[in-house]
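Participant:
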Amino acid sequence: MPLRLSPSSKYCLALGGIAGGLFIASWGWTEGQPVEAVQDADGTQRATIKVESYSYTPNHLVVKASPVELKLVSVTTLTPHNFLLKDPAGALLVEQEVSAGATVTVRFTPQHLGLFAFYCDKRLLFFKSHREKGMEGRLDVR
Ligand SMILES: [Cu+2]
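Using the numbering used here, the letters of the sequence shown correspond one by one to residues 529 to 670.
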């Protein structure tokens, strides 16, 4: 039997879609080519993310809900960045400083499927945050 929606619930869905679109558009993420993390023999999924001013490459990383190890490689010579990853309830899964030129490794285990935002929240004085300049990505847990 086909799912039937009342006019008011259709209205709510449309509003939700618009609000969701605005939320994504208000930040700096433009969807890049999805890259899948590689699962090693030990069961850990590994990937490397290049950290630049002001982007992460890849900015769309696909993983499964099992242990993840990310190598964050800064290629900047001056500007420090960070890598914040929150779950949908707002809890921080990862909070990692990435100083200029540094390589750091973070480990975490996603507990839920879905799209999780990761971003850099640094900013200089009153200027736009790095996130607003495009330093944002999505962890796609499938
Ligand atoms: Cu930054």
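Ideal placement from N, C-alpha and C gives every residue a C-beta, glycine not left out.
This structure is a prediction, so every number in the text was calculated from the model and none was measured.
Here's the rule: buried if 16 or more other CB atoms are within 10 angstroms of the residue's CB, otherwise exposed. What is residue 638?
Facilitator: Buried.
Participant: Please return the same chain residues whose Cβ sits closer than 6 Å to the Cβ of residue 564, not counting the five positions on each side in sequence.
Facilitator: Hits under 6 Å: 590.
Participant: Could you give the first and the last residue of the continuous beta strand (DSSP E) run that contains residue 647?
Facilitator: Counting along the chain, the beta strand (DSSP E) containing residue 647 begins and ends at 642-647.
Participant: Check whether the region 609-620 touches the region 628-647, taking contact to mean three or more Cβ pairs, one atom from each stretch, closer than 8 Å.
Facilitator: Yes: the two stretches touch, three or more of their Cβ pairs being nearer than 8 Å.
Participant: Look at the alpha carbon of residue 562 and the alpha carbon of residue 584, and state the distance between them as a whole number of angstroms.
Facilitator: For residue 562 and residue 584, the distance between alpha carbons rounds to 12 Å.
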